[in-house]
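Using the working numbering, the letters of the sequence shown correspond one by one to residues 185 to 702.
Shown next, in structure tokens, is the structure this report addresses.
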Amino acid sequence: MTFAFAFAIACSGGGSDSDDSFAFLAEVERGSDESGFGRPGAPGASAAAATPAPAATAAPAAAFAQESVQKSAGDSSGESRDSSNSFGVVTTGTSGGSASLENEIAAATEGRVIVRTADLGINVDSITESLDDISKMAVAAGGWVVSSVQSRQFQGSISIRVPADRFDDVIEQLKDLAAKVNFVTTRSEDFTEEFTDVTARAQTLRDTLGALRTLYDRADSVEDAITIQKEITNVQSDLESLEARLTFLSQSSAFSFISVALESVPIELDIDAGDDIAAAVGHRVTYRAKFTPPEDMEDFVVTWNFGDGSREQSTDRIAPTGNGEEVITAPIIHVFDRDEDSPFIVTVELRGTGDAGIAEGDDTLVTTVSRLPVIEVFAGENQIVEAGSEVDLSASFNRPEGVSEISYSWNFGDGSAPVEGNFADSDTAVQVDTTHTYSNFRPNPYVVSLTVTGQTEVGEVEVTGELLVFVRETIGVKAADLDAGSTVRDAVRTLQSVGVFLAKAGLWLLILSPAWLI
């Protein structure tokens, strides 16, 4: 029997596409270290720094090893095996014919490979003591610590594994340990399909490995023996990877993974958001807050929520006010685009961190938003004047309710000083008159503007009206502009020109006279 023919017979009992079968092996290499499980016979990546796994964790691996020995020995009795139970997988099913909802759910999940995990965020009084308490909690439940880190005095994290049947109990114990529970997230993933598929592929590789070893014992030449040994090595490597994945799934099902993020209980810190504000739609509003930072706390973040559905704004910049240790935050600018839901409740939240721990505080203020009153200004009709003439300007405007301290300013557009004035609140005048003289002509008109300004509860309102003044050249000659000497010379020259013209005209008339024809 040649090697090629013998190897074909050995593999005919169960072919498997090895490329597809081991597509997940990279995930096994990565996941085993992160979740506290290593390769078969090897500890997890964090085992050196964490509490050793209890003896109970050896049960799935031992069952798996025993099954591997039986399969490799060529067990061909044809007996059916429960592959899930052979690897120590914990199932949630119960026996009995109870019609209760719990038993119905248990019956539906019986024989399934369910992996449960949880993430918690809690506040505790002492990070160091709480990490120690959680470690003891995991060991007491029959589990172990995967990793434990205290990054800062006020922050830490710990990951543990506990038996699946103690998962809910441990979650409740962690809640009882916390001064405040920030969040709890639990997940359940069903790996039954993958577990069954990997189990079948592993069995195929075991059958192939047994056949190859038989062929190796019957090899007719050294060349055939070397070739068979290479195949045995490849198959053995693939089988070990599958067995590692099976062990990981079985232990993940038997021991649930819990990750806990811890923060110190924050210190209450007073922060003053300032007085209530009246604002106008479309106008900028400035917010600043004051507080006194605790000792050994240097990092602060202040977040403003404007109550109108817009995005929150934050700043980490502060400056001393000069009033002891008090500081003031950098200004935050916001513009309200509506007044329908006014007033708005504006909230400021402060969070500080440092060697002293965590500090938190908040405050609120009310911002009343309304629309500015409308002042309408009519500056007058456009005018045409001669240079040097005085122009009369008369403008009018309305005085809406809620507007006080009204002032005005005329700007004549020629660089001259503006004319300004004020109206008393008791004054009912709505007209502004003035005069101005434009000394110089220019082809383009002068733009005259009247600006009316008033004060309201939500801010200043300012409106400007305009008119055009066209200045033309002066008509006529002024005596002051005459020069006697030059005028006489011009007159003499003009008369001389007229005399020469008349003399020439008479000469031509004489020449062309009909008298010469007689």
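Backbone N, C-alpha and C fix where the C-beta goes; we use that ideal spot for every residue, glycine too.
Query raised in the report: Does the Cβ-Cβ distance between Ala-322 and Val-299 come in under 8 Å?
Result: no
**Report entry** Counterpart residues of Tyr-630 in DSSP-defined beta bridges
**Finding:** Val-653
Report task. Counting only runs of 3+ residues fully inside the stretch 447-507, write out the beta strand (DSSP E) ranges in chain order. Result -> 461-464, 468-471, 483-489, 497-499, 502-504
Query - For Ile-455 and Val-530, the rounded distance between their alpha carbons - result: 14 Å
Report task. Could you check what DSSP says for Ser-341 in three-state terms: helix, strand or coil? Result -> strand
Report task. Determine the extent of the alpha helix (DSSP H) in which Val-323 is found, giving its start and end residues. Result -> 311-324
Query - Nearest residue (CA-CA) to Ser-434, options Phe-375, Gln-339, Val-486 - result: Phe-375
Query raised in the report: Expressed to the nearest angstrom, what Euclidean distance is found between the alpha-carbon atoms of Arg-350 and Ser-372?
Result: 15 Å
Query raised in the report: Would you call Phe-432 buried or exposed, if buried means 16 or more other Cβ atoms sit within 10 Å of its Cβ?
Result: buried
Query raised in the report: Once you ignore the five residues that flank Ser-319 on each side, which residues in its own chain have a CB closer than 8 Å to its CB?
Result: Thr-235, Val-329, Ser-332, Ile-342, Ile-344
Query raised in the report: Between Met-481 and Ser-443, what straight-line distance do the alpha-carbon atoms span, to the nearest angstrom?
Result: 28 Å
Query raised in the report: Less than 8 Å separating the beta-carbons of Ser-498 and Ala-563?
Result: no
Query raised in the report: Taking Cβ positions, are Phe-379 and Leu-430 nearer each other than 8 Å?
Result: yes
Requested in this report: With a cut-off of 8 Å on the beta carbons, I'd call Asp-546 and Glu-533 a contact; round off their distance for me.
Outcome: 5 Å
Query raised in the report: With DSSP run on the structure shown, which of helix, strand or coil describes Ile-542?
Result: strand
Report task. Taking Gly-581 as the reference, give the member of Ala-325, Ala-438, Thr-612, Arg-397 with the closest Cα. Result -> Reading the sequence as shown, one finds Phe at residue 581 and not Gly. The shortest Cα separation from Phe-581 among Ala-325, Ala-438, Thr-612, Arg-397 belongs to Thr-612.
Report task. Pull up the DSSP beta-bridge partners for Tyr-592, would you. Result -> Gly-605, Val-636
Query raised in the report: Roughly how many angstroms separate the alpha carbons of Gly-638 and Pro-602, rounded to a whole number?
Result: 18 Å
Query raised in the report: Is it true that the CB of Ser-440 sits closer than 8 Å to the CB of Ala-348?
Result: yes
Query raised in the report: From Glu-544, Phe-338, Trp-488, Pro-504, pick the residue whose C-alpha is nearest to that of Ala-457; which is it?
Result: Trp-488
**Report entry** Contact the stretch 500-512 vs the stretch 675-685: 3+ CB pairs below 8 Å
**Finding:** no
Query raised in the report: Ala-233: buried (16+ other C-beta within 10 angstroms of its C-beta) or exposed?
Result: Note on Ala-233: pLDDT 35, under 50, position unreliable in the model; the coordinate value appears next. With fewer than 16 other Cβ atoms within 10 Å, it is exposed.
Query raised in the report: Cα-Cα, which of Gln-567, Val-469, Glu-313, Gly-508 is closest to Pro-477?
Result: Gly-508
Query raised in the report: So, is Val-645 buried or exposed, given that buried needs 16 or more other C-beta atoms within 10 angstroms?
Result: buried
Requested in this report: Under 6 Å Cβ to Cβ from Val-616, same chain only, skipping five residues before and after it: list those, please.
Outcome: Ala-579, Tyr-592
Query - Proximity winner among Asp-317, Gly-340, Ala-325, Val-368, relative to Thr-301 (alpha-carbon distances) - result: Val-368
**Report entry** Boundaries (first-last residue) of the beta strand (DSSP E) holding Thr-619
**Finding:** 615-621
Query raised in the report: Going by beta carbon distance, what residues of the same chain come within less than 6 Å of Ala-231, once the five residues before and after it are set aside?
Result: Low per-residue confidence applies at Ala-231: pLDDT is 34, beneath 50, and the placement is therefore not dependable, though the value from the model is reported in the following sentence. No residues qualify anywhere along the chain.
Query - For Pro-584 and Ile-451, the rounded distance between their alpha carbons - result: 51 Å
Query raised in the report: Going along the chain, which residues of its own chain have a beta-carbon closer than 6 Å to the beta-carbon of Glu-654, five neighbours each way excluded?
Result: Glu is not the amino acid found at residue 654; the sequence shown has Phe there. Taken in chain order, the residues that qualify are Ile-568, Pro-629.
Report task. Assuming Leu-446 contacts Val-308 (C-beta within less than 8 Å), just tell me the rounded distance between them. Result -> 5 Å
Requested in this report: Go ahead and label Thr-396 buried or exposed: buried means 16 or more other beta carbons lie within 10 angstroms of its beta carbon, across all protein chains shown.
Outcome: Before going on, a small fix: residue 396 reads as Leu here, not Thr. Counting Cβ neighbours within 10 Å, Leu-396 comes out buried, since at least 16 surround it.
Query raised in the report: By a C-beta neighbour count over all protein chains shown, 10 Å radius and 16 as the cutoff for buried, is Ser-314 buried or exposed?
Result: buried
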